[in-house]
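Residue numbers (my numbering): 3 to 82. We put the CB at the ideal spot given by N, CA and C, even for glycine.
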Amino acid sequence: MRIIGVRRIELSGRFPLPKEARSEISIQHDDHVEFFTDQDNIMIMKYRERCCICEENFDVTDFKNRHICSECLDGIIEKC
Ligand SMILES: [Zn+2]
């Protein structure tokens with residue numbers, strides 16, 4: 003990880019997300035982001051649909067109006 007900008011938090015709790023950060027993860031106006039925390043840090047990631055079974059957000063596709071990752075889908079196909 004590297005520092006991509008420093009911003010002051012406004013009284014309302016808002017802060018501008020640096021343009022460099024937005025372009026780095028290809029987010030635009032009206033996109034959604036997710037916030038993750040550990041004890042001392044906050045990480046912001048571009049929101050992606052999560053698998054309804056394992057909550058993974060990688061390689062997720064729609065299957066019968068549900069979001070499911072390829073690994074879970076393969077597991078279901080093996081059981082059939
Ligand atoms: Zn899954």
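Cβ-Cβ distance between CYS74 and CYS53 below 8 Å
yes
Give the DSSP bridge partners of MET3, in chain order.
Answer by DSSP bridge pairing: none, since MET3 is not bridged.
Write down the C-beta distance between PRO20 and ILE6 rounded to the nearest angstrom, noting that I regard them as a contact closer than 8 Å.
6 Å
GLU12 versus LYS48 - alpha carbon distance
22 Å
Counting C-beta neighbours from all protein chains within 10 Å, is the total for CYS71 16 or more, i.e. buried, or is it exposed?
buried
Quick check on DSSP: helix, strand or coil for LYS81?
Taken through DSSP and simplified to helix, strand or coil, LYS81 comes out as helix.
Under a three-way DSSP split, which group does LYS66 fall into?
coil
C-alpha distance - ARG10 paired with GLU51, whole-angstrom precision:
30 Å
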